[in-house]
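First the structure, in the form of structure tokens, and then the observations on it.
Residue numbers (the working numbering): 1195 to 1448.
This is the structure we're talking about:
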């Protein structure tokens, strides 16, 4: 059975969780720790950078579906050859830190070129809709992606959100933009929507309530210093998404 099928089942159940190592994270050991945390937490998938050795390591470390993110079509084609279970054009948050902004037309060009390179592989394709463009443009882009038979779209917002508060209030402010984008996109397209950017165990339930079929969580896991912390945080996120506690999971497995 293809690994991606388990992710598709969680997507249909509207409880999929993707743990993101980072589009620009090429530190083998840190990525390995994130992958292991996602695996032990029972996440639905893990997302890594477009590096052949990292993809190989991820595939060997976990039985979870491995997403590979990039904005370079040739790198995504390489990822498919290297065994990626899904490819994602996006996870732009890390790129925003370098001052990069991508327009809807630029993203469409990348998507079309990527599809032309991987069309024979029947690979699962996800595309991030940039949060810095206005909502009407996001909807228009999502509809064009739907026409291209893209499997999943991901929202974002943390890079443009302006959270001034600390603690739980700050977390809510950070996630607000991406969740608002989720509401608009879920209303206007049939493609499943994955909410990402600024999400934590506190806010993932809000994302699903907004219409998300999946959540993508990165910085609150991949910025932690120890694998134990990563596992604990990823587990809390998975439990929040799937509405179960560790005790309930043990009962199911018994």
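Glycine residues also receive a C-beta, built at the ideal position from the N, C-alpha and C atoms.
According to DSSP, simplified to helix, strand and coil, what is residue i?
i            : result
residue 1408 : strand
residue 1378 : helix
residue 1266 : coil
residue 1371 : helix
residue 1261 : strand
residue 1276 : coil
residue 1383 : coil
residue 1338 : helix
residue 1330 : helix
residue 1281 : strand
residue 1399 : helix
residue 1393 : coil
residue 1294 : coil
From which residue to which residue does the beta strand (DSSP E) around residue i run?
i            : result
residue 1212 : 1210-1214
residue 1465 : Residue 1465 is absent from the model: the chain starts at 1195 and stops at 1448.
Can you tell me the Cα-Cα spacing of residue i and residue j, whole angstroms?
i            : j            : result
residue 1207 : residue 1407 : 7 Å
residue 1442 : residue 1210 : In this prediction, residue 1442 has a pLDDT of 41, which is less than 50 and means its spatial position is unreliable; nothing more can be read from the coordinates.
residue 1451 : residue 1335 : The requested residue 1451 is not part of the displayed model; the chain covers only 1195 to 1448.
residue 1439 : residue 1311 : Note that residue 1439 scores a pLDDT of 43, beneath 50, so its modelled location is shaky; the value from the coordinates is reported in the next line. C-alpha separation (whole angstroms): 42 Å.
residue 1252 : residue 1279 : 11 Å
residue 1308 : residue 1271 : 7 Å
residue 1341 : residue 1420 : 43 Å
residue 1374 : residue 1404 : 8 Å
residue 1268 : residue 1382 : 31 Å
residue 1397 : residue 1414 : 12 Å
residue 1435 : residue 1224 : 24 Å
residue 1412 : residue 1329 : 23 Å
residue 1246 : residue 1274 : 10 Å
residue 1230 : residue 1416 : 11 Å
residue 1266 : residue 1409 : 23 Å
residue 1238 : residue 1258 : 7 Å
residue 1305 : residue 1298 : 10 Å
residue 1205 : residue 1294 : 30 Å
residue 1198 : residue 1234 : 18 Å
residue 1428 : residue 1331 : 33 Å
residue 1432 : residue 1296 : 31 Å
residue 1388 : residue 1277 : 23 Å
residue 1319 : residue 1422 : 31 Å
residue 1372 : residue 1236 : 24 Å
residue 1444 : residue 1437 : Note that residue 1444 has pLDDT 40, beneath the 50 cutoff, so the model's placement of it is unreliable and no number is given.
residue 1339 : residue 1221 : 32 Å
residue 1325 : residue 1254 : 34 Å
Kindly indicate the opening and closing residues of the alpha helix (DSSP H) around residue i.
i            : result
residue 1300 : 1298-1312
residue 1201 : 1198-1206
residue 1413 : 1413-1416
residue 1248 : 1246-1255
residue 1227 : 1222-1235
residue 1427 : 1421-1436
Could you name the residues that DSSP lists as bridge partners for residue i?
i            : result
residue 1162 : Summary: the structure shown does not reach residue 1162, with the chain confined to residues 1195 through 1448, and so no result is reported for it.
residue 1388 : 1348 and 1408
Kindly examine the ligand MN and report whether one of its heavy atoms sits closer than 7 Å to the Cβ of residue i.
i            : result
residue 1232 : Ligands in the displayed structure: none, and consequently the ligand MN is not present.
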